[in-house]
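Beneath this line is the structure, given in structure tokens, with notes to follow.
Structural data, given as structure tokens:
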């Protein structure tokens, strides 16, 4: 589960004030009753990231970002529908051979 920035800060602050996983989980449950509580490995990972980077923000993504424009989406949909039609015709033609 991914926690919001606010929730991550809450986890780190409460861990450093109490040094107790159980207290962090209890306080988190009280403040965010509708959210799944973090497990110990999540708390450890957030503390390690904070100690290393002094931040709990997501790491910057590497690689080329995907760009799907409305035109590209329409083109992909059209290709998909055409392929379905061609495959259906091909399948019917193949089926018809065996019916004779």
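Numbering (UniProt numbering), first residue to last: 1 to 100.
Yeah, the Cβ is synthetic: ideal placement off N, Cα and C, and Gly gets one too.
Source: prediction; values computed, not measured.
message: Do residue 11 and residue 33 count as a contact pair if the criterion is CB distance below 9 Å?
response: no
- request: Out of 45, 40, 67, 25, state which residue places its alpha-carbon closest to the alpha-carbon of residue 59.
  value: 45
Boundaries of the alpha helix (DSSP H) in which residue 28 is found, first to last residue: 21-31
query: If we ignore side chains and look at the alpha-carbon of each, how far apart do residue 25 and residue 63 end up?
result: 35 Å
- prompt: Taking Cβ positions, are residue 86 and residue 9 nearer each other than 9 Å?
  reply: no
message: Assuming residue 7 and residue 35 are in contact, meaning their beta carbons sit under 8 Å apart, how far apart are those beta carbons, in whole angstroms?
response: 7 Å
task: Mind reading off the beta-carbon distance from residue 21 to residue 40? Whole number of angstroms is fine, and I expect it under 8 Å.
output: 5 Å
query: Using the C-alpha atoms, what's the distance from residue 77 back to residue 66?
result: 17 Å
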